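A quick write-up on the structure given underneath.
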């Protein structure tokens with residue numbers, strides 16, 4: 002992928018329109034500044050109307066035609082929507098819900114991706130596509146399938162049952178080791194053979210935590226293996242880089258899924274009032290394939306919708322702010338779903354660039370603003386690189402799985418981690434959301450909240466990070482479960498972590514509504530969530546509990562190890578006071594860690610730091626539509642206007658962006 | 002049916018009681034003034050306890066006995082409750098839910114009405130009933146089945162699947178034409194044969210809109226065909242007129258259902274605080290079989306109830322207000338469900354005239370009041386006819402289907418159309434709710450709100466109506482979908498409508514929460530719902546949008562065509578201000594249309610205009626229990642007291658009715 | 002069971018831990034004062050890993066080891082968790098939900114307890130356990146299975162279908178009698194043979210009330226028969242008394258279930274803010290096996306939890322208050338669930354005495370407080386007996402069944418009866434919750450609220466009670482249904498009751514929101530619930546309705562019969578005013594009944610009266626943590642401190658208990 006370019010794109014479905022409309026679309030794309038189209042992900046029935054009857058001429062011509070008009074193409078494999086000849090009369094190939102409901106044809110993802118016949122046909126169509134289109138000059142990238150597991154989660158079909166048993170055998174070796182690891186003597190679950198291990202279907206009450214967690218991990222590995230398989234086929238015939246279009250919502254492990262892919266891309270439909278979720282995505286996906294620019298493969302020009310729902314449209318001005326923020330935060334492409342409004346199907350009402358009748362939509366003017374901004378900043382962005390943050394927050398889809406199995410009381414990982422992220426965002430500290438397996442080089446401060454199970458790999462990496470000078474903040478909820486989703490039997494959070502942190506965890510219990518108040522940094526806040534209460538051993542208590550069941554005990558400790566420090570955060574301070582306490586906590590340990598990359602910026606406005614030839618560039622964007630201000634530590638130059646900007650407060654208007662260089 | 006009589010009736014289940022109780026019931030009916038009984042709709046197991054073992058003597062004697070006591074009978078076919086010999090051991094005959102659940106015996110409507118064996122047995126029992134009872138002197142009418150599709154909606158059984166494929170073949174001819182019409186290349190839905198088209202069962206996400214809408218239309222046509230078939234059988238043996246007992250809640254197309262029936266009847270269980278829903282029904286069903294009086298086949302004496310729910314009982318006085326209002330608005334019968342409280346089953350708690358132990362219920366005194374009023378007004382009502390309204394609001398069960406497929410955000414047609422109706426009701430304008438296919442002769446003002454799909458028939462009729470001087474108000478939500486539930490590709494609302502209305506629809510989008518305010522008639526109100534924003538071409542903008550995404554554009558236009566006017570209402574003004582704006586809109590276009598039939602009447606009180614020998618009669622009823630007032634444009638005579646009533650304000654007490662003649 | 006001892010126990014799962022941990026556990030149990038362990042209820046897979054391969058040595062040694070350490074054992078049969086060899090590959094043995102969903106292995110109660118193969122295997126394992134362990138010196142009692150029907154309710158499997166038909170045949174003799182009793186001509190439900198009577202599975206609307214109620218009664222009888230069978234097997238080999246661990250939540254008829262068992266036990270996880278529910282249990286279970294002490298077989302040391310939920314932990318001090326209250330109110334044992342926190346499975350987070358890593362939990366100090374209190378009061382408690390109350394409130398699981406079939410509007414029996422109980426509790430009157438079949442000897446005042454169906458047995462007993470001087474308060478909701486869950490046809494509440502009460506029930510209807518106000522004892526309160534409105538015949542109206550539909554009629558009557566009085570309460574006074582009216586009502590009739598056992602005690606504090614050698618002992622406990630006061634009618638002696646306590650007000654601190662003797 003050429004990094005000397007910023008892409009402004011759209012999903013396009015030429016297979017649904019006649020030739021004349023396609024001609025018009027290309028003309029209109031050029032007018033709107035669209036320079037990349039993503040095509041093909043639902044077109045299996047057009048490519049292969051009957052089994053084996055494959056014809057890809059239409060797409061070959063389409064890619065060439067786009068290319069002739071200056072528009073590049075990301076080509077998709079069409080596997081999310083298997084045609085009727087594959088599904089009709091074959092319930093055994095279909096996705097099965099946990100209650101046993103078998104999917105029918107229609108909608109998407111109705112076929113189980115583990116079904117062998119599906120895999121056979123998917124391999125054939127993918128190979129043919131790669132052969133036919135893989136070396137066209139307009140083809141700049143590949144997308145495998147689309148939004149894996151967006152509508153479905155863990156399939157319960159017979160094929161999956163067999164694979165599940167194989168997978169367990171590979172993981173545990175003998176059934177006795179599985180029984181031991183899962184503690185299956187409980188409730189007489191005990192199995193004599195892998196064939197007896199059920200899928201987590203209907204039961205009178207909850208299944209064993211190990212069973213539920215492992216079935217999710219199994220499912221995420223299997224879907225990643227499908228992606229691996231598809232990528233392998235494509236690579237035999239094409240050198241173009243490969244991605245998938247994912248999100249943090251879906252039932253996948255993105256880190257594993259993208260491991261063997263070439264670049265990261267995602268979709269986001271956050272509304273303007275939750276712009277932080279948008280930023281969350283940029284700060285995460287930049288780090289999923291580190292060093293590679295990410296793509297926003299889908300976002301709305303104004304609003305998402307289906308037959309049964311719709312989102313509030315973006316205010317005018319917001320779309321360009323989104324685009325600039327994403328480019329500045331490491332994005333290479335900003336693509337809409339979709340170019341021309343669907344005339345049929347269940348997404349007819351979804352916002353688009355052009356209406357089904359070929360006219361500009363309510364979002365169109367904003368698309369033009371994006372294009373104007375893209376042109377204006379393209380040189381600056383492609384000429385510089387995003388600065389790595391000094392603070393990292395671990396993001397883990399495995400943690401999401403553990404919390405799905407054990408949500409305490411309706412907790413979900415995404416809300417928890419997003420709220421935590423907002424606290425760091427609001428502190429003005431430049432931050433990376435770093436996948437669980439991410440390299441800690443260059444970081445000074447590491448947050449690890451909401452990770453029930455801390456792997457040995459992670460633990461060793463984090464300890465080394467601390468030994469070498471880092472500050473590691475562990476918790477809340479982190480560390481209390483083993484690999485198999487059971488409880489530690491040596492210490493509440495495992496002896497290794499407690500020893501290293503210099504604490505004994507006295508109790509773990511649901512602290513909310515017990516009158517327990519956390520006192521730290523001259524703040525007081527009620528404590529919430531399932532919490533760990535500490536007795537410092539070698540550590541120092543920094544936060545004390547008053548009231549409740551454990552007055553005088555600690556919910557927050559710090560302990561110097563090597564050149565660094567480990568901080569145990571056993572509980573979550575709640576409410577406005579809690580946010581204040583967390584802000585103090587973040588700033589204190591950012592200071593301890595020697596963090597420099599922090600800006601004095603008003604809430605709702607962001608600073609995206611980049612670097613060119615050793616000089617720092619700040620892209621500043623007002624995201625909340627309220628306008629904002631940034632304190633400049635020294636004078637700088639506005640690269641867009643070439644004017645000097647003095648030290649001190651710089652103001653931004655509603656959705657305005659500015660780019661300065663120091 | 003003799004129009005020289007007003008009926009006061011009750012549903013009666015003599016098959017559930019012994020002879021002595023039946024004797025007592027007849028005596029009590031006479032005391033209460035009951036002059037018609039509806040019987041038989043659930044009695045299949047009594048009539049035909051074993052397959053082929055049919056004996057109708059009991060019902061023959063029953064009808065004769067009632068007749069001897071001055072009580073007429075409406076006889077029902079007993080098909081809503083097939084006996085155990087028809088259902089037991091035959092899952093293939095049963096109704097199947099969309100999730101695949103197969104119904105068992107018990108309750109009602111458990112058998113699929115499209116099942117061939119059911120149809121065979123239904124034809125036999127119906128024919129025998131018609132033969133045995135069809136010419137009894139007491140039999141004055143027939144009711145086919147009861148409350149079609151009140152508990153169930155679209156069946157998913159194998160029989161329905163076959164019929165569905167046949168129906169599609171008849172509608173679309175070739176599968177290619179269906180593919181084209183539904184746009185099935187989307188998501189690779191594409192079918193090679195009609196046999197492949199699924200029923201809209203379990204799928205990972207929403208089905209294609211065309212599939213969902215067509216399956217509903219298919220289902221409503223099939224149930225209507227069953228009614229046709231039943232009616233045909235009855236007519237071979239009986240001259241008595243035929244009806245069905247329906248509502249606007251059920252999953253039927255009432256216009257189609259009643260097409261081949263003789264008169265309209267319905268049930269209503271609105272509580273007193275939603276008396277407008279009661280009036281809605283009267284204003285609709287009067288027009289379903291125009292020129293024919295309607296029947297209220299079921300209503301509660303006080304409250305409806307089942308094992309699991311109950312409604313608030315009517316205040317004393319309300320029941321007679323209901324009865325007088327219905328007689329005045331075109332009803333011929335006011336019948337209770339039910340005469341004697343059930344002693345068994347799931348409706349034991351339901352309100353009735355007489356308790357299970359043979360005593361007056363809490364509603365009984367109100368029943369006597371109804372009878373007193375009926376006697377008092379019978380001559381006046383039977384001697385006059387309801388005046389046709391000048392204003393019509395289109396009611397469409399097809400529109401209900403489209404909105405069920407595409408509810409935007411939990412919209413349902415019934416709430417929308419009822420709220421719109423209330424606005425017209427509150428304006429004091431006499432109004433008809435007119436079925437989609439209704440004749441527009443004699444109307445001056447036509448409202449067409451919430452009709453996603455405007456048929457060619459309707460469009461031509463409405464254009465002719467405008468050309469000849471009518472004022473047609475189109476919207477909100479009207480016109481944006483094709484016959485197949487897809488999006489127009491020539492213009493947002495179809496080129497024909499936009500051309501005729503002299504507008505271009507710039508955008509359609511969900512306007513709520515975007516800060517868009519509608520300004521018209523010196524009113525301002527926030528705009529809501531999925532909206533159309535207009536650029537007037539030949540039309541004039543009457544309502545302008547301020548704020549939001551499209552400031553300065555129009556949400557309300559008018560355009561003179563021929564002798565009339567077409568008004569496009571692109572959005573729904575919301576809240577109290579919205580109601581004010583709508584009131585102004587209604588009054589303005591009523592005035593433009595030259596509407597005369599409008600009364601200055603306080604909210605909660607109604608005026609039902611009737612005519613006798615060219616002189617106007619007003620039946621006035623206070624419906625809200627607060628008392629009210631009506632301004633009389635000139636002096637009149639109270640026909641009940643024979644006293645003169647002066648011009649000016651006339652007051653009504655709580656639930657009082659008055660009848661005057663000018 | 003030795004009554005000279007108070008037990009302090011815990012559920013223990015040694016089969017899940019290694020030998021070293023078990024040694025440590027026993028040591029820790031002794032430190033905490035645990036003197037009884039309940040074991041074995043989920044250990045079937047450990048006892049019989051493969052079919053027929055039974056080895057009970059582990060449990061034999063375990064019981065002996067505990068005994069050697071001063072810890073007695075309650076041994077359980079392990080039938081709630083059938084092993085995989087019993088369930089795998091046998092869907093026909095599994096529990097089936099009412100929607101047809103078949104359970105899989107995992108969780109508990111997944112196998113249908115009526116399945117014949119299950120019963121065969123259950124009998125074998127139970128017999129072997131009884132033989133092997135039944136005469137061990139440490140074994141002091143048996144628990145059959147565990148928490149019958151806690152996760153499941155009525156099974157719909159084929160075995161249950163057959164048994165259902167047999168049961169119906171036994172109950173009704175001929176199908177015609179069933180048809181008659183259930184009124185099945187309604188909706189053509191009518192059956193020709195018992196085989197045709199469905200289980201209450203999927204249907205378009207509600208099933209017949211008789212069907213639903215009878216299926217529940219069938220189910221509760223079947224599970225009790227299983228308990229009988231188990232008990233019979235055990236008794237062949239062991240003299241130790243037998244119980245089950247139940248609650249009022251589960252889908253069982255506790256009175257029937259415990260009929261053939263030896264003592265009553267239950268679990269309770271009420272949080273401290275609903276301490277009244279805790280007391281409700283003590284006041285009920287004391288009377289389920291009258292004259293026998295009850296056991297609290299499970300309660301939490303601090304909080305209950307599972308993967309998906311948790312309760313608020315107890316405040317410190319509350320646990321000992323619970324323990325003292327239960328011992329004082331007739332309990333012999335206070336046992337925790339569980340001793341050592343689970344390390345695996347779905348109840349990992351549940352509170353315990355010792356954590357999974359072998360350390361005291363947050364509840365541990367409270368356990369020590371319980372032990373201190375137990376030791377302090379053991380002599381006093383074992384040396385005295387609880388005083389029978391003079392006031393009884395009928396508790397009926399059959400009434401629960403009727404209300405489950407017919408909940409009016411989301412009513413549930415448990416909330417209704419608990420709220421009613423709280424009114425009596427707050428009056429300071431010592432009270433028994435008496436099972437429906439309980440003996441009325443010694444009572445003076447009887448409340449029978451929320452019992453839809455009054456059996457002949459009950460009615461005769463209650464009339465005799467009145468004749469001999471008792472005051473019987475009937476209602477609300479009581480008496481309106483027959484044995485078959487149909488409506489009476491002689492009088493609203495049945496002629497026998499109405500005659501005896503000297504009233505005619507004019508109407509029964511849902512009175513709420515009709516503006517009906519109850520006036521009695523100088524109180525006024527809005528009336529609610531489905532109500533009976535009376536015309537006094539021989540009775541006197543004590544409470545009059547104003548407003549609403551029946552002004553001037555009575556909702557409360559009294560009538561002297563024999564030496565006593567029957568009071569009809571037709572409606573429930575609502576809100577704060579309603580509580581006040583009910584308080585007046587309770588006190589008035591307590592006074593009429595000559596009740597002496599009433600204490601002037603502040604809300605949140607209780608007095609448990611006991612007796613020793615004719616002298617009264619009061620155990621007073623503050624339950625709400627607010628402290629409280631009790632008025633002593635005369636001076637007494639504090640048996641714990643031996644100090645005299647003067648007449649008049651005695652104060653208790655937060656969660657304090659005092660024991661005095663007069």
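Chains as they are written, first to last, in my numbering: chain A, 2 to 663; chain B, 2 to 663; chain C, 2 to 663.
C-beta: ideal position from N, C-alpha, C; glycine also.
Computed from a predicted model, the values in this text were never measured in an experiment.
Taking 8 angstroms as the threshold (C-beta atoms), are residue j and residue i in contact?
i                      : j                      : result
residue 569 of chain A : residue 551 of chain A : no
residue 313 of chain C : residue 337 of chain C : no
residue 526 of chain C : residue 565 of chain C : no
residue 78 of chain A  : residue 188 of chain B : no
residue 586 of chain B : residue 407 of chain C : no
residue 85 of chain C  : residue 197 of chain A : yes
Could you tell me the boundaries of the alpha helix (DSSP H) in which residue i lies?
i                      : result
residue 422 of chain C : 414–427
Pull up the distance between the alpha-carbon of residue i and that of residue j, whole angstroms please.
i                      : j                      : result
residue 617 of chain B : residue 662 of chain B : 6 angstroms
residue 3 of chain A   : residue 253 of chain A : Unreliable placement is indicated for residue 3 of chain A, whose pLDDT of 45 sits below 50; no coordinate value is reported for it.
residue 273 of chain C : residue 656 of chain C : 11 angstroms
residue 33 of chain C  : residue 320 of chain C : 14 angstroms
residue 667 of chain B : residue 630 of chain B : There is simply no residue 667 of chain B to check, as chain B begins at 2 and stops at 663 in what is shown.
| message | Could you tell me which whole beta strand (DSSP E) segments of length 3 or greater appear in the segment 139–191 of chain C? | response | 140–144
| task | Any chance you could list the alpha helix (DSSP H) runs of at least 4 consecutive residues sitting entirely within the segment 541–618 of chain C, in chain order? | result | 576–594
| task | May I have a chain-ordered list of the alpha helix (DSSP H) segments no shorter than 4 residues that lie completely inside the segment 292–364 of chain A? | result | 319–329
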